[in-house]
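This report refers to the structure that appears directly beneath it.
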Amino acid sequence: MGTATEWTRLPVGRRELRQDAVLALVLGAGLAITTTLYTAAGTYGDDQAAWWVSALMIVANAAPIAFRRRWPMSMAVVSALAFAALQLLHVPEVFLVNFTLFIALYTVGAWCSDRVRAEAVRWVVIGGMFAWLFIGIAFGWAVPNALPNDDGGLIPPYIAFSLLNILINVIYFGAAWYAGNRAWASAVAKHELDVRTAELAAERERSAAQAVTLERVRIARELHDVVAHHVSLMGVQAGAARRVIDRDPAQATASLGVVEESARTAVEELRRMLGTLRSHEDDPAGDDLRDAPSTEGLGRIGELADASRTAGHPTEYVVVGDPREVPPTVSAVAYRIAQEAVTNVLKHAGPTARADVRVRYLADCVEVEVTDDGHGDRAPRNTAGSGLGHVGMRERVAAVGGRIEIGPRARGGYLVRAWLPTT
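The numbering of the sequence shown is my numbering, which starts it at 7 and goes up by one.
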């Protein structure tokens, strides 16, 4: 993020240069008018400057304002010299010329990025002005007739006059200094706000892209859970039906019924998923739809065990502890973990491997465990696969703050055990 030392307000554009030129013309016209009026009023009497000297001083004081934001420090020095020359040459103008010097000093504070040089230039100008003021006061004290007579007041007139001039100059130069610094600080704050706004906009774009990626991962995980389980079950049952269709038509019919039911369930889940996605597209404000938990839950884990038994795998289903209500998200994750684990049994453990499905209700969590003995027809375990199922299980468990154990058992077979917090 840009800081005050890295950022600069200069150079300015054509719009600012036009504004400065217009301001210089306005001040020049004002100086011409006030100089004419002060001349008519006889401000300096017989000592006032000739008209052409006054005209030159008007131009010298107004012209630097046209370039104040192009070369602010140089123009401040020029304005200070022109201000002093106007006084020394007795040009009859004591009003608007104060504005030109004020604007020049203000511009140095408000527009110069080199803050050290900006302060140095202003200190030089202000120091020179106060030196000139003190010299004038000293010369005034040397001419007694230049001040009112001391009438015995609380403060002598020459001291009061000197203090008044000093106070006016302190206020004048202090205001120019303060206003310039405040304008610079405001510009820096606006610049930093613009930088933060741009960063936030970029972050929003990155977050949106990440959200799209996460949404794709979520959809892929859901599709994997739905398709892998049901299609695997359909494949197993279809194979069983093919093998026994001649000698055991009843068993073949039962297996085909399972295939039909699995296909119907898969289609229904896919339809529900697509409906949720379409609802989210139609209602962008409904961010909660994206995170809505599946309707599946702990209560349906028993159906997974039944499906495994129907597929020819002796499967025991046990619930340990008193069933209780758990958060819907946790319930959905528990079901998906068990579904993926049972699917892996059907795909990898062998045709007749024995499986155990257990749900334990513990004090502060629910535990889901699926194991198999790996002895399906004494065939070696088929470990071919994409690995997405394990990744999906770990992501689901991490999403609810749980932990999971996945891997082969020492005595053979495979274990999936997940602890899902309920509090």
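Just so it is clear, CB atoms sit at the ideal spot from N, CA and C, and this is done for glycine as well.
None of the values given here were measured: they were computed from a predicted structure.
Tell me the rounded alpha-carbon separation between residue i and residue j.
| i | j | result |
| --- | --- | --- |
| F89 | I141 | 16 Å |
| M81 | A208 | 40 Å |
| R270 | L206 | 46 Å |
| P329 | E198 | 57 Å |
| P70 | L107 | 10 Å |
| I172 | G180 | 12 Å |
| T335 | G303 | 9 Å |
| V122 | L160 | 43 Å |
| L33 | T113 | 16 Å |
| R417 | R360 | 13 Å |
| A204 | R212 | 12 Å |
| W117 | R74 | 9 Å |
| L426 | S119 | 58 Å |
| H354 | L310 | 16 Å |
| I410 | L276 | 27 Å |
| T40 | I64 | 10 Å |
| V103 | A66 | 10 Å |
| R387 | G380 | Caution applies to R387, whose pLDDT of 48 falls short of 50 and renders its modelled position unreliable; the model cannot decide the point. |
| V397 | S192 | 52 Å |
| V59 | G115 | 31 Å |
| R248 | S268 | 17 Å |
| E375 | D362 | 8 Å |
| A189 | L31 | 24 Å |
| H96 | K196 | 44 Å |
| G51 | G133 | 30 Å |
| V372 | E346 | 17 Å |
| R423 | V201 | 49 Å |
| I143 | P162 | 14 Å |
| V324 | A344 | 13 Å |
| G146 | L87 | 22 Å |
| L220 | A214 | 10 Å |
Nearest to residue i by alpha carbon, out of the options?
| i | options | result |
| --- | --- | --- |
| P357 | P163, D312, D378, I410 | D378 |
| R315 | I143, V264, N175, L276 | V264 |
| V332 | A369, L421, F101 | A369 |
| A35 | V114, V18, W57, A68 | A68 |
| V348 | V250, I412, L43, W183 | I412 |
| G186 | G318, A55, L111 | L111 |
| V176 | M135, V372, R210 | M135 |
| W183 | W138, K196, T219, V131 | V131 |
| G48 | V100, G19, R15, Q25 | V100 |
| M79 | Q345, A27, L16 | L16 |
| A55 | A91, R20, V28 | A91 |
| D53 | A214, V365, L94 | L94 |
| Y341 | E322, Y323, G305, G327 | G305 |
| R364 | G146, V250, A256, I307 | I307 |
| Y178 | A405, F105, V237 | F105 |
| I109 | A260, R253, A72 | A72 |
| L37 | V250, A61, L220 | A61 |
| G327 | Y367, D312, A313 | Y367 |
What does DSSP give as the partner residues of residue i in its beta bridges?
| i | result |
| --- | --- |
| P414 | Y420 |
| V363 | Y323, V376 |
| P427 | C371 |
| R270 | According to DSSP, which records beta bridges pairwise, R270 is partnered with nothing at all. |
| R409 | W425 |
Label residue i either buried or exposed according to how many other C-beta atoms from any shown protein chain fall within 10 Å of its C-beta, with 16 as the threshold for buried.
| i | result |
| --- | --- |
| T429 | exposed |
| Q216 | exposed |
| Y420 | buried |
| L170 | exposed |
| A137 | exposed |
| A46 | exposed |
| R128 | buried |
| M7 | For M7, the predicted model reports a pLDDT of 41, less than 50, meaning its position is unreliable; a value from the coordinates is still stated below. Result: exposed. |
| Q25 | exposed |
| P98 | buried |
| L352 | buried |
| G19 | exposed |
| E339 | Inspection of the sequence shows that residue 339 is occupied by Val rather than by Glu. V339 comes out buried. |
| R402 | buried |
| T259 | exposed |
| T389 | Low confidence applies here, because T389 scores a pLDDT of 49, under 50, leaving its location unreliable; read the following figure in that light. So T389 ends up on the exposed side. |
| G407 | exposed |
Give a yes or no on whether the minimum CB-CB distance between residue i and chain C is below 7 Å.
| i | result |
| --- | --- |
| D53 | Going by chain labels, chain C is absent from the structure shown, which holds only one protein chain. |
The ligand COA heavy atoms versus the CB of residue i: any closer than 6 Å?
| i | result |
| --- | --- |
| S268 | For the ligand COA, the structure offers nothing, since it holds no ligand at all. |
Inside the stretch 296-350 only - alpha helix (DSSP H) runs reaching at least 4 residues = 307-316
Any alpha helix (DSSP H) of 4 or more consecutive residues that is wholly inside the stretch 107-185 | 121-147
Just list the alpha helix (DSSP H) runs in the stretch 57-117, keeping only unbroken ones of 4 residues or longer that don't cross its boundaries, in chain order.
-> 57-68, 78-94, 103-117
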